[in-house]
Amino acid sequence: MSLGDVLDTHRVVVCVGCGGVGKTTTAASLAVHAAMTGKRVLCLTIDPARRLANSLGLDEMKTQEQLVPRRLFEAKGLELEGELSAMMLDTKTTFDDLVRRYASSPEIAGRIIGNKVYEYLSGSLAGTQEYMAMEKLHAVRSDNRYDLIVLDTPPTSNALDFLDAPERMADLVDSPAMRWFVQAFEGAGKFSFNLVGKGAAFLLRGLSRFTGTGFLEVLAEFITDFNDLFGGFRERANEVSQALRSDDVAFVIVTSPNPLAMDEAIFFARRLEEFEMRRNAFVINGMRALYAEPSLQEGELASLVAPHLPDDMDARRTVKRMRRAVDDARTQAIADRIQSDHLRQRVGPDLLFVEVPHFEQDVHDLGALSQVARYLTGAETMPTVIS
Ligand SMILES: Nc1ncnc2c1ncn2[C@@H]1O[C@H](COP(=O)(O)OP(=O)(O)O)[C@@H](O)[C@H]1O
Ligand SMILES: [Mg+2]
């Protein structure tokens, strides 16, 4: 089993992990590889950073599907048998689409979307971005223009947020505070602060910047209209939550060899297991290569190096410094190796482990992504020792 097989046997591949470990790079590389080998691929990202767009050779990441032109692959000498599209998720648009789908009339949908309270909630409610990522994923999953969808997950402070985002969205919709709001308003026919009481005051606190004239009316309108969506939203959130557990969805956990990132990766793997979601592979990205210990004595090295140095450079001192640099690099590589082996021991043998070396240069173009993909899919492996 390799990551190539995972790509072949799943419709959706979700890359997860904490920030900065190479999630976007991994997602993009997998997408590039699958497209090169004949699949029609959509790479879906949430990260607004320009990096992915740049790496794919695009000017910018759009919130609509855009095809990566074939000539960009050709320019790097890469053969593209399939197709690659990329898209950046737009939380607000996804939320709007959802409202349109579940509102009982276009008028109500229009009223909700135009409401200031909605505008605030759709952008800043905790977990909205995560939920919308899962929502969008579910929506494109049945799009038959694609054979494979690769999702690069948000750089959330809590990397786990989006896993149970559908459940939390369903809970929010059903929460006592929301229900209470609705009842308070519906019972009174008119909304007032007296009715809100202390219990729901926390929700209002975030909304306080709208406390100008008409705020209560805006809030009241939103709550009545939003109530219209409750049933549909809850059902949809449950559907999305189920979809994440289906056989055609694979999870790839990305980590760096850094001990803290490793701990998070393991925590992540356990949570996936708890949620009964598939954990298919660990990617340990940015492993430093182990250089062999120099076999020559310092004196011998110095006489080898001396002819190549300018006259005013002392060969012995230079060799000493080079030795120190090699020793440091070896120490780092050995530390990475220990971390990687330790991860396997802690997680057990039933998962796929893939190591990707740390490249000298940033991974910033299609060529580099396809190179990363060679390691991801096992076409190349980290050398044990470089001599
Ligand atoms: N194996 C690697 N070797 C060298 N640079 C890498 C490697 N993987 C990722 N990078 C670089 O590290 C930075 C962070 O990677 P990125 O994929 O954006 O991380 P994340 O999405 O997890 O935050 C990027 O500049 C990327 O080009
Ligand atoms: Mg990223």
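Be aware that the sequence shown starts at 106, since it is given in my numbering, and climbs by one per residue. All C-beta atoms, glycine included, are put in the ideal place defined by N, C-alpha and C. Quick caveat, the model's predicted, so the values are computed rather than measured.
C-alpha distance - A132 paired with R216, whole-angstrom precision: Position 27 of the sequence shown, counted from the first residue, corresponds to residue 132. Position 111 of the sequence shown, counted from the first residue, corresponds to residue 216. So the two alpha carbons sit approximately 38 Å from each other.
CB contact below 8 Å: L377 versus chain D: The structure shown contains no chain D, having only a single protein chain.
C-beta contact flag for A139 and L253 at 8 Å: Locating residue 139 in the sequence shown gives position 34, counting from the first residue. Locating residue 253 in the sequence shown gives position 148, counting from the first residue. Closer than 8 Å, so yes.
Complete alpha helix (DSSP H) runs within the segment 122-181 (minimum length 4 residues, chain order): 128-141, 156-161 and 175-180
K197 Cβ short of 7 Å to ligand 2 heavy atom set: Here residue 197 refers to the residue found at position 92 when the sequence shown is read from its first residue. Checking every heavy atom of ligand 2 against the Cβ of K197, none is found closer than 7 Å.
G124 Cβ short of 7 Å to ligand 1 heavy atom set: By 1-based counting over the sequence shown, the position of residue 124 is 19. Checking the Cβ of G124 against ligand 1 gives yes.
Other residues of its chain near Y223: CB distance less than 7 Å, five sequence neighbours each side excluded: Walking along the sequence shown from the start, residue 223 turns up at place 118. The answer, listed in chain order, is I217 and F327.
Within 8 Å, strictly: CB atoms of I491 and A397: Against the sequence shown, residue 491 aligns to sequence position 386. Against the sequence shown, residue 397 aligns to sequence position 292. Going by C-beta atoms, I491 is nearer than 8 Å to A397.
Check whether E170 and L147 have beta carbons under 8 Å apart: Position 65 of the sequence shown holds residue 170. Position 42 of the sequence shown holds residue 147. Yes, these two residues count as a Cβ contact at 8 Å.
Contact test: G127 Cβ vs ligand 1 heavy atom, cutoff 7 Å: As a position in the sequence shown, residue 127 is number 22, starting the count at 1. Yes, Cβ of G127 sits closer than 7 Å to a heavy atom of ligand 1.
CA-to-CA distance, A244 to R384, given in whole angstroms: Here residue 384 refers to the residue found at position 279 when the sequence shown is read from its first residue. Here residue 244 refers to the residue found at position 139 when the sequence shown is read from its first residue. Looking at the two C-alpha atoms, the distance is approximately 22 Å.
Distance CB(L177)-CB(G162) smaller than 8 Å: Within the sequence shown, numbered from 1, the residue matching residue 177 stands at position 72. Within the sequence shown, numbered from 1, the residue matching residue 162 stands at position 57. Cβ atoms of L177 and G162: closer than 8 Å.
Heavy atom of ligand 1 within 7 Å of T486 beta-carbon: The residue labelled residue 486 in the question sits at position 381 within the sequence shown. Every heavy atom of ligand 1 is 7 Å or more from the Cβ of T486, so no.
Contacts around N299, its chain only, beta-carbon distance under 6 Å, and the 5 residues preceding and following it disregarded: What you label residue 299 is simply residue 194 of the sequence shown in a count that begins at 1. Bear in mind that the predicted position of N299 carries a pLDDT of just 43, short of 50, making it unreliable; the figure below should be weighed with that in mind. Around N299: no qualifying Cβ.
CB of F387 within 8 Å of CB of L349, strictly: What you label residue 387 is simply residue 282 of the sequence shown in a count that begins at 1. What you label residue 349 is simply residue 244 of the sequence shown in a count that begins at 1. Cβ distance not < 8 Å, so F387 and L349 don't count as in contact.
Segments of 4+ residues assigned as alpha helix (DSSP H) that fall wholly inside the segment 307-395: 320-332, 335-348 and 364-379
Neighbour-count burial assignment, L334, 16 or more Cβ in a 10 Å radius: Mapped onto the sequence shown, residue 334 falls at position 229. Looking at its Cβ environment, which holds 16 or more other Cβ atoms inside 10 Å, L334 is buried.
Local Cβ density within 10 Å of G127, reported as buried at 16 or more and exposed below that: Working through the sequence shown from its first residue, we reach residue 127 at position 22. When all chains shown are included, G127 counts as buried.
Rounded straight-line distance, which links the Cα of N220 to that of D353: Within the sequence shown, the letter at position 248 stands for residue 353. Within the sequence shown, the letter at position 115 stands for residue 220. Approximately 38 Å, taken between the alpha carbons.
Between the CA atoms of R426 and L456 - distance to the nearest angstrom: By one-based count along the sequence shown, residue 456 stands at place 351. By one-based count along the sequence shown, residue 426 stands at place 321. So the alpha carbons of these two residues sit roughly 41 Å apart.
Contact check, T489 vs S107, beta carbons under 8 Å: Residue numbering aside, residue 489 sits at position 384 when the sequence shown is read from its first letter. Residue numbering aside, residue 107 sits at position 2 when the sequence shown is read from its first letter. For T489 and S107, no; Cβs fall outside 8 Å.
Straight-line Cα distance separating N159 from K295: Taking the first residue of the sequence shown as 1, we reach residue 295 at position 190. Taking the first residue of the sequence shown as 1, we reach residue 159 at position 54. Confidence at K295 is low in this model, with a pLDDT of 44, below 50, so the placement of that residue is unreliable and no value is reported for it.
Which listed residue (V468, S408 and R428) has its alpha carbon closest to that of A420: Numbered from its first residue, the sequence shown carries residue 420 at position 315. When only C-alpha atoms are compared, the closest one is S408.
Span separating the alpha-carbon of S227 from that of S475: Sequence index remark: in the sequence shown, residue 227 carries index 122 (1-based). Sequence index remark: in the sequence shown, residue 475 carries index 370 (1-based). If you take the alpha carbons of S227 and S475, they lie about 37 Å apart.
Nearest candidate by alpha-carbon position, reference E212, set V137, F331 and F458: The residue you call residue 212 lines up with position 107 of the sequence shown. Nearest C-alpha to E212: F331.
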